[in-house]
Every structure is written in structure tokens, then in C-alpha cells.
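Final position of the sequence shown in the working numbering is 440; the numbers increase by one with none missing.
Before any comments, here is the structure.
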Amino acid sequence: MHSSLVCSSLLNSLLFKMMKLESVDNEVEAIQDGQSFQSDDIDQPSTNTTFVTNLSPSIAEELLRIELELCAQISSLMFSLPVRYVYSPIEYAFDLHAQFVRNFCNTSKKVLFLGMNPGPWGMSQTGVPFGEVSVVKDWFGLQGSVKKPKHEHPSRLIQGLDCRRSEVSGKRFWGLFREICGSNPYLFFKNCFIYNQCPIALMSDTGKNITPAELKASESKVLLAFCDKALTKVIQLLKVHLVVGIGKFAEKRACIALNEACLKEVKVVSIPHPSPRNAHCSGNWKEVVAKILTDLGILDLLSGN
């Protein structure tokens, strides 16, 4: 049997078993009663995923296992109003997400860039963190279709690589590294990778984005505890030396997760978030971040020095 089919079977079997857990954590009981949304009503990963077979699967497959396990844990949670929609792109965009991981995460990484959670026009569409569509297609060279969440907001439709909306944050973030690395994204991924601390996007009935930090305290506590544990597993798997939080929230969560896991040897810093709503450096984000990366020695890593 081809290794790709074996991997597909194992990953989907794992997700199915995790979805059947009777109790995920005692902390879930702390979630307040009332009107709520349960996130288990989401499409599962495709069983006909096309796998890259000419790359070592060990690290990539373990990373995917960690991510699917986290998604299964989160699927047991309930979120009260104003949350009405929960998107889990690692699941419904699994084919594209798995291509990304298998193509670019087959070795240990010195640097892990850490985002917060998927945006509506980036990862929610493509399954790639900060995955602005043109970057995913033209620079990463990924192809494929995505499924849909079963509950889809009419103004936040999932169109995958056919989406014509551009995510400014993703365009800025990857645009900087594309300028540095030229036509070869592997110059970035040789020593670096990107991961979101939380794999789901949450929205209100109007389609307004709700960040994990904006959830009710009891709900946020359980969600972020799951995410923090998964993050430490990823850091250990990739043998990360430096976590670069994309924004202060990501930096804070990395510090909390590493402290809980007693991984004090891993350094944590941050760069400004590339969102246009970040008034601190919206006009000169690239220049500010380039200086930080230079001071950290990351630009030398990208140039092979």
C-alpha cells in the first residue's frame, strides 16, 4: 500500500476516534450555560487527499497529527453568543493545508512564526496561515479545492483558491519574505515555519471576527489551554529555538505555553501584526519588521549566512 494512503487512513482514523471522546477536560464544565454553538458540526478531512510522496513524512505527519488532535478537542467545545459561526480550515481545507505542511515542514526549524487564528480571507480560505490566495497559488505553488464548513456565513463564503478577496495581513507578511527570498519560498522554510496558536475562526451573526481573547473568560480558558498544549508539542517536534509572535497576543500565549511546559530555553519575541488596523506601524510595517528580523539574525538565516 502506498505511504500516502496509509497516512490518510491513520489521520482520519485518529480524528474519528478523537471526536468520540466522552470527556475532553473537566474544565469544559466551567463553560456557562445558555445559547451556544457546538463546533462538532464541521466537515471532516477528505479521504482522497493527494500526498507528496517524495519527501520524508515523519515531521510533517506528526505535525498534522498534533493539529488534527487539537481540532478534535476543540470540536467538543461550546461557544456562547455572540459566537454564531466557527470555521475550522485545517479540517475543511485539509488537502491544501496538508500540501503546505508536507512541502515545507519536513525538517526541524530554528524559528517559528506564531499567528493568532485564521483570518476570513487568508487561512479560512486556503488552510495556510496568513494564506493570501495569490501567495498560496503563485509563490507556494499549491493547488486543489477546499470543502466548506457546514454552517457558512453568507458574507464569509469559503471559495478556496477561487476567492478574489485579498487578505492584507497575509499579503504584507508573505510579501516581505517573498521580497527577501525571491522566487524560492524554500529559502524561508529551510529554517522557519509558521503556525497559528488557535486553528479556528469565530464570527458573530453579522460576520464580525471574534478573537479567542474576546470570548467569555471560561470559554477562552479552556480553548487556549488546548491550544497552548498543542503549541508546546509543535515547538518540541520542530526543535524551535526562537518563537516570533506575530502581534502581542501570540507572544503572550507562547510565553504562557512555554512556561507551563518548563521550556525556558526557547526565546520568545514579537513583531508588529501586519493588520492595517495596527495603527502603530501601518504605514511602515515592512521597514519596522525588517529591522527587527535583522537584529534577531533571521535575515541572515534566510540568506544562508
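Using N, Cα and C, we set each Cβ at its ideal position, and we do this for glycine too.
From a predicted model like this one, the values you see are computed outputs, not experimental measurements.
Are at least three pairs of beta-carbons, each pair with one atom in the region 400 to 417 and one in the region 272 to 286, less than 8 Å apart?
With the cut-off at 8 Å, the region 400 to 417 and the region 272 to 286 do not touch.
For the region 218 to 273, which segments carrying the beta strand (DSSP E) assignment without a break, of at least 3 residues, lie completely within its bounds, in sequence order?
If we require 3 residues or more, the beta strand (DSSP E) runs fully inside the region 218 to 273 come out as 220 to 222 and 246 to 250.
Return yes when the Cβ of N344 is within less than 8 Å of the Cβ of M338, no when it is not.
Closer than 8 Å, so yes.
Using the DSSP secondary-structure output, state which residues sit across from L337 in a beta bridge.
Residue pairing of L337 in beta bridges, as defined by DSSP: V221 and I345.
Relative to the C-alpha of L398, which candidate in I381, V303, P407 and L377 has its C-alpha closest?
When each option's Cα is compared against that of L398, the closest is L377.
Using C-beta distances below 6 Å, list every residue in its chain close to K421, excluding the 5 sequence neighbours before and after it, in chain order.
So the list reads L311, once near-sequence residues are dropped.
Rounded to a whole number of angstroms, what is the C-alpha to C-alpha distance between D340 and V218?
Between the alpha carbons of D340 and V218 lies a gap of roughly 7 Å.
Pairs of beta-carbons, one from the region 268 to 278 and one from the region 360 to 373, closer than 8 Å: are there three or more?
Because the criterion of three Cβ pairs below 8 Å is not met, the region 268 to 278 and the region 360 to 373 do not touch.
For a quick check, are the C-beta atoms of Q208 and F361 less than 8 Å apart?
Cβ distance < 8 Å, so Q208 and F361 count as in contact.
Got a sec? Which residues, its chain only, sit under 6 Å from L428 by beta carbon, not counting five neighbours each side?
So the list reads L434, once near-sequence residues are dropped.
Note down the Cα distance separating G250 from L216, rounded to an integer number of angstroms.
G250 and L216: Cα-Cα distance of roughly 24 Å.
Going by DSSP, name the residue or residues bridged to G380.
DSSP lists L249 and S405 as partners of G380.
Under the three-state reduction of DSSP, which class applies to C416: helix, strand or coil?
Coil.
Under 8 Å, Cβ to Cβ, is there at least one residue of chain D near P409?
Considering every chain present, this structure includes no chain D. It has just one protein chain.
Helix, strand or coil: which one does DSSP assign to C298?
If DSSP states are grouped into helix, strand and coil, C298 belongs with coil.
Is it buried or exposed for E349, if we count other Cβ within 10 angstroms and need 16 for buried?
Burial is judged here by how many other beta carbons sit within 10 angstroms of a residue's own beta carbon; E349 has fewer than 16 and is exposed.
Would you report the Cα separation of N394 and E400, rounded to the nearest angstrom?
Roughly 10 Å between the two C-alpha positions.
If you reduce the DSSP assignment to three classes, tell me which class C397 lands in.
Judged by DSSP in its simplified three-state form, C397 adopts coil rather than helix or strand.
Please state whether the Cβ-Cβ distance between L431 and I315 is less than 8 Å.
Result no, Cβ atoms of L431 and I315 do not sit closer than 8 Å.
Cβ-Cβ separation, W256 to R300 (assumed contact under 8 Å), whole Å
About 4 Å separates the two Cβ atoms, so the contact holds.
Considering only C-alpha positions, which residue in the set P289, L247, C206 and T242 is nearest to A228?
With distances taken between Cα atoms, A228 lies closest to C206.
Quick check: the Cα distance between L359 and S211, rounded to an integer number of angstroms?
C-alpha of L359 to C-alpha of S211: approximately 14 Å in a straight line.
Can you find the residues in the same chain that come closer than 6 Å, C-beta to C-beta, to D273, ignoring five residues on each side of it along the sequence?
Cβ within range, chain order: n/a, list empty.
What do you reckon, are the CB atoms on V246 and P411 nearer than 8 Å?
For the pair V246 and P411, the CB atoms are not nearer than the 8 Å cut-off.
Below 8 Å on the Cβ atoms is my guess for I201 versus K368; work out the distance and round it to an integer in Å.
I201 to K368, Cβ: 5 Å. Contact.
Closest Cα partner of F384 within the set L366, A396, S405 and A365:
Minimum Cα distance to F384 is reached at S405.
Can you look up F328 in the DSSP assignment and give me helix, strand or coil?
F328 falls in the strand class under three-state DSSP.
Reducing DSSP to helix, strand and coil, say where E164 ends up.
Unreliable placement is indicated for E164, whose pLDDT of 36 sits below 50; the coordinate value is still reported in the next sentence. For E164, the three-state secondary structure derived from DSSP is helix.
S280, DSSP secondary structure in three states
Three-state DSSP puts S280 in coil, outside helix and strand.
What is the rounded straight-line gap between the Cα of K356 and the Cα of I194?
For the pair K356 and I194, the Cα-to-Cα distance works out to about 29 Å.
Note down, in chain order, each residue of its chain lying with its Cβ closer than 7 Å to the Cβ of N326, except the 5 sequence neighbours on either side.
For N326, where only same-chain residues beyond five positions count, the Cβ hits under 7 Å are K244, K245, V246 and L436.
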